[in-house]
Ligand code: HPA
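Numbering (this note's numbering), first residue to last: 1288 to 1561.
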């Protein structure tokens, strides 16, 4: 990491440490169409990104730009309401800036959510898929460049990026609450194009169950910093072999919105035991 970036992160963290009145150990990143989770929050402080020194600003429709300190089901959380995507043109260090900041303010566990296209033929639109593992298909990596050994290792072990403990907890809470869960591998791609039929097929053959344009860089950085990660995809469209995919951003947002209550319920149930 560049010394300049490290200094910016330090200033962002100092600002937030001075301002915050709660000390969340859990950070939540809200994906496309999943911002409605904010309705379940008891908000303590909601800060527009533009008020936060050196914090990036998001540009996509349906993505807001606030950092929220809140309680969710009684548990202190910090919520990134609007993430930064690689396809927007941000460099990887900007895409993953919030994870560095989360780590700096004391977050130990990160919950990442996203909207994704499903390739697995057993998936349906509106399903929630717990991410068991990922394939980084961005063609780049947020850890490229000089490593800062104070932050994490040069060659991170990627055996268990997504916490098995939290995956087991999710399955248990889901079965107690009658929430149907899928589990699978997430393929992270740059976008902004949705996939061609041949790309969906290729990713399925490669071993992915769903594909999306986020999460992987954030998970890599969070893992590098030693945070525990739980991630889920809401399946908003299908790219199943033999089926014609007609993906649009509007459909993705609508499907994400309708699946959101289940996702909120699952996260609320997990929080007290995280
Ligand atoms: N492909 C990539 N990203 C996505 C998709 C998809 O089908 N759906 C939602 N995000």
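Don't be surprised by glycine CBs; every beta carbon is placed ideally from N, CA and C.
Residue range of the unbroken beta strand (DSSP E) whose run includes residue i
i: residue 1522; result: 1515-1525
i: residue 1430; result: Premise fails: residue 1430 is in no beta strand (DSSP E) and is neither H nor E.
i: residue 1333; result: 1329-1335
i: residue 1353; result: 1353-1359
i: residue 1367; result: 1362-1368
Inter-residue spacing [alpha-carbon to alpha-carbon] between residue i and residue j
i: residue 1525; j: residue 1483; result: 12 Å
i: residue 1337; j: residue 1408; result: 42 Å
i: residue 1441; j: residue 1475; result: 22 Å
i: residue 1472; j: residue 1495; result: 5 Å
i: residue 1311; j: residue 1411; result: 34 Å
i: residue 1333; j: residue 1486; result: 39 Å
i: residue 1543; j: residue 1298; result: 34 Å
i: residue 1434; j: residue 1288; result: 6 Å
i: residue 1490; j: residue 1341; result: 36 Å
i: residue 1335; j: residue 1453; result: 30 Å
i: residue 1480; j: residue 1548; result: 28 Å
i: residue 1451; j: residue 1515; result: 10 Å
i: residue 1425; j: residue 1499; result: 10 Å
i: residue 1511; j: residue 1436; result: 10 Å
i: residue 1517; j: residue 1536; result: 25 Å
i: residue 1304; j: residue 1357; result: 15 Å
i: residue 1367; j: residue 1343; result: 12 Å
i: residue 1447; j: residue 1533; result: 34 Å
i: residue 1497; j: residue 1430; result: 24 Å
i: residue 1488; j: residue 1309; result: 46 Å
Closer than 8 Å: residue i CB and nearest ligand 1 heavy atom
i: residue 1524; result: yes
i: residue 1534; result: yes
i: residue 1505; result: no
i: residue 1357; result: no
i: residue 1472; result: no
i: residue 1518; result: no
i: residue 1499; result: yes
i: residue 1319; result: yes
i: residue 1401; result: yes
i: residue 1478; result: yes
i: residue 1342; result: no
i: residue 1382; result: no
i: residue 1410; result: no
i: residue 1425; result: no
i: residue 1274; result: Any question about residue 1274 goes unanswered here, given that the chain covers just 1288 to 1561.
i: residue 1482; result: yes
i: residue 1529; result: no
i: residue 1362; result: no
i: residue 1366; result: no
Which residues DSSP lists as bridging residue i, in chain order
i: residue 1416; result: 1469, 1520
i: residue 1405; result: 1497, 1525
i: residue 1399; result: 1316, 1518
i: residue 1421; result: 1473
CB-CB length for residue i against residue j, believed under 8 Å
i: residue 1388; j: residue 1313; result: Not quite, the Cβ-Cβ distance comes to about 14 Å (not below 8 Å), so this is no contact.
i: residue 1503; j: residue 1423; result: 5 Å
i: residue 1325; j: residue 1296; result: Contact doesn't hold; Cβ gap of about 25 Å is too wide.
i: residue 1519; j: residue 1550; result: 7 Å
i: residue 1521; j: residue 1328; result: No, residue 1521 and residue 1328 are not in contact; Cβ-Cβ is about 18 Å, not under 8 Å.
i: residue 1553; j: residue 1466; result: 6 Å
i: residue 1478; j: residue 1384; result: Rounded, the Cβ-Cβ distance is 19 Å, inconsistent with contact.
i: residue 1531; j: residue 1392; result: That belief does not hold up - the Cβ atoms of residue 1531 and residue 1392 are roughly 46 Å apart, past 8 Å.
i: residue 1318; j: residue 1400; result: 4 Å
Residue interval of the alpha helix (DSSP H) (run including residue i)
i: residue 1394; result: From DSSP, residue 1394 is part of no alpha helix (DSSP H); its letter is neither H nor E.
i: residue 1555; result: 1536-1557
i: residue 1325; result: Run containing residue 1325: none; DSSP gives neither H nor E here.
i: residue 1288; result: Residue 1288 -> no alpha helix (DSSP H), and no H or E assigned at all.
i: residue 1456; result: 1451-1463
i: residue 1510; result: 1503-1511
i: residue 1379; result: 1379-1382
Within-9 Å CB hit, residue i to chain B
i: residue 1524; result: Of the chains in the structure shown, none is chain B; there is only one protein chain.
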